[in-house]
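What follows is a set of notes on a single structure, which appears directly below.
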Amino acid sequence: MKFIIQPVALVFAVSFFPSIVPGPFAVDAHAEDRPEESKVVLNPYATVDWESVEHHKAALHVHTLQSDGLHMVREVVHTYRDAGFTILALTDHDQVGPNFRVPEGEKGSYYPKGPRPENYPANTTWPWTDYGTEAPEELGMVGIQGAELSFRHHINSLFTPYGTQGDYVIARRMRTHGEDDQLLHVKATDGLAFINHPGIDAGWWERKPLKWYVDLFGEHSSDYLIGMEVTNGNPSWEKYDEGLWDQLLVRFMPERPIWGFGTDDMHRMEDYHQSHTVFLLDGLSKEGVREAMETGRFYFTKSSRRADLRQTEKLDEFPAIERIDVDEAAGTITIHGSGYDTIKWISAPQSTEAREDYETSNQPWPTGRVVHEGEILDYRDTPGIEHFVRAELFRGDGEHVHRTFTNPMGMSRK
Ligand SMILES: [Zn+2]
Ligand SMILES: [Zn+2]
3 MKFIIQPVAL VFAVSFFPSI VPGPFAVDAH AEDRPEESKV VLNPYATVDW
53 ESVEHHKAAL HVHTLQSDGL HMVREVVHTY RDAGFTILAL TDHDQVGPNF
103 RVPEGEKGSY YPKGPRPENY PANTTWPWTD YGTEAPEELG MVGIQGAELS
153 FRHHINSLFT PYGTQGDYVI ARRMRTHGED DQLLHVKATD GLAFINHPGI
203 DAGWWERKPL KWYVDLFGEH SSDYLIGMEV TNGNPSWEKY DEGLWDQLLV
253 RFMPERPIWG FGTDDMHRME DYHQSHTVFL LDGLSKEGVR EAMETGRFYF
303 TKSSRRADLR QTEKLDEFPA IERIDVDEAA GTITIHGSGY DTIKWISAPQ
353 STEAREDYET SNQPWPTGRV VHEGEILDYR DTPGIEHFVR AELFRGDGEH
403 VHRTFTNPMG MSRK
């Protein structure tokens, strides 16, 4: 009997679920018919002890006078520390020399006036002590060596000295050195990378199609290409980044996480974008930050209001996450937080098709759909959850919105 039943069952399965196509573009159109099989298979917060965990604010994409920022390294470092940040990566553009933009009436940066460090012009603004400030540990901070790789698609590289500034072969590299090469260099130097501001709307940038990102995240492992900036706080630079994130998550989760980062891409203190990442650590250490970065043990924030980073009393309060509990027996995910109006749960977009031209449209792909609102998500009884679910705590004050985003949970029906 088995020899007869099996082929019949196979034909039946194929004809009953004709839209199931393996591969990164697969969308299971019939999945809503059987939501009771849903499981959380990837929870980036699974190891957090919420009673004792420390929330550490991080600025991971920051410029100084060592590239096209407008402030000295020392002023930048001290301002972030005074604003309550304990984790800081100075990510100057690797192909932009120091003093690209010196404010009128000011002298320019600590370098290149001298004495110049041996590695001038360095790929990375590191160590901080070469640039007239204290070492991070003296300030009670974790400093991360890194750069914004800027020849092609901007890429944040962290925990690595890699860059191309020192080589002085920009013209040649522009033709021969692509994103894949750069990411492989980051990998070879034991660094981590995430891509920056994909939806940037600037004269010097040609936007990439969705397939380009799918290929990039398919080609490079999550061991070193860990995610993407979902917000860098600049409204004209992040037009479709949330939509892109959801489009990538529905294709790659739960097998390959793409963690979301919030940065402020700071160039000018008085135009601070109020977007940052918060790491969940069992005490502050460089190793702990790196491990949390690799495993998604963090969340990020964004406000639509700009501020002056030096006026810390005027910085926004963001919706706070106090704990995130997954109850597999009950089939629920619960977020305990404060300072929010609502919690939205977001999963697969309605469609994985482009609906407008990515080169000209700011919303070329549908963002993920809101499948539920409220602090408890009953993921077995909520239709529309496909491959991932993420949450957003939202507060509006009439004029501005303040949002806190979780990383995605990986969901499976198997
Ligand atoms: Zn950039
Ligand atoms: Zn930047």
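In our numbering, each number is its position in the sequence shown, counted from 1, plus 2. Beta carbons are placed, not taken as given, at the ideal position from N, Cα and C, and that holds for glycine.
Between the stretch 239 to 248 and the stretch 340 to 358 there are three or more inter-stretch CB-CB distances shorter than 8 Å, so the stretches are counted as touching. With a cut-off of 7 Å, the C-beta of E150 is classified as near ligand 1, since at least one heavy atom of the ligand falls inside that distance. Taking all protein chains in view, the Cβ of R357 is surrounded by fewer than 16 other Cβ atoms within 10 Å, so the residue is classified as exposed. If you draw a straight line from the Cα of L395 to the Cα of G86, it comes to about 21 Å. As summarised for the stretch 89 to 160, the continuous beta strand (DSSP E) elements at least 3 residues long and confined to that stretch are 144 to 151, 157 to 160, given in chain order.
Taken through DSSP and simplified to helix, strand or coil, W239 comes out as coil.
The count of Cβ pairs closer than 8 Å, one atom from the stretch 56 to 64 and one from the stretch 278 to 297, reaches three, so the stretches are in contact. With 16 or more other Cβ atoms from the protein chains shown falling within 10 Å of its own Cβ, L44 counts as buried. Runs of alpha helix (DSSP H) with 4 or more residues, each lying fully within the stretch 292 to 347, are absent. Short of 7 Å from the beta carbon of G398, and not among the five residues preceding or following it, lie these beta carbons of its own chain, in chain order: D343.
Placement of the Cβ of D267 at a distance of less than 7 Å from at least one heavy atom of ligand 2 is found. Taking 8 Å as the upper bound for CB-CB distance, P46 and T279 are not in contact here, some 13 Å apart. Cβ-Cβ distances below 8 Å link N125 to D96, A149, P163, Y164, G165, T166, Q167, G168 in the same chain, with the five nearest sequence neighbours on each side left out; the list follows chain order. Here R76 carries a helix assignment [DSSP, helix/strand/coil]. A direct Cα-to-Cα measurement between T131 and G400 gives close to 44 Å. DSSP, reduced to helix, strand and coil, places M230 within a strand of the structure shown.
Membership of G205 in any beta strand (DSSP E) is not indicated, and neither H nor E is assigned to it by DSSP. For ligand 1, no non-hydrogen atom lies closer than 7 Å to the CB of H402. Taking a cut-off of 8 Å for Cβ pairs, the stretch 375 to 392 and the stretch 360 to 367 do not touch, as fewer than three such pairs fall below it. Here F407 really is in contact with F302; their C-beta atoms are around 5 Å apart, less than 8 Å. Per DSSP, H187 is one residue of the alpha helix (DSSP H) stretching across 181 to 190. Taking R371 as the centre and dropping the five residues before and after it, the same chain places the C-beta of I348, S349, A350, P351, Q352, G386 closer than 8 Å to its C-beta, in chain order. When DSSP states are grouped into helix, strand and coil, T408 belongs to the strand group.
Counting the other Cβ atoms within 10 Å of the Cβ of K241 gives 16 or more, which makes it buried. If the five residues before and after Y274 are omitted, its C-beta is found closer than 7 Å to the C-beta atoms of D266, M268, R308, A309, D310, L311, all from its own chain and listed in chain order.
Three or more pairs of CB atoms, one per stretch, sit closer than 8 Å, so the stretch 62 to 82 contacts the stretch 127 to 144. Segment contact: the stretch 219 to 232 against the stretch 373 to 386, fewer than three CB-CB distances shorter than 8 Å; contact not assigned. Under the three-state reduction of DSSP output, L212 falls in the helix class. At a threshold of 7 Å, N45 does not count as near ligand 1, since its beta carbon sits no closer than that to any of the ligand's heavy atoms.
Relative to R270, the option among N409, R154, H63, T49 whose CA is nearest is H63. Secondary structure note for V55: it is in no beta strand (DSSP E), with a DSSP letter that is neither H nor E.
Annotation for T279: the continuous beta strand (DSSP E) segment containing it runs 277 to 283. Boundaries of the beta strand (DSSP E) around D380: 378 to 380. With a cutoff of 7 Å, N198 counts as near ligand 1, since its C-beta is closer than that to a heavy atom of the ligand. Remark: the C-beta of H275 is outside contact range of ligand 1, defined as less than 7 Å to any heavy atom.
It is roughly 34 Å from the alpha-carbon of L90 to the alpha-carbon of D329.
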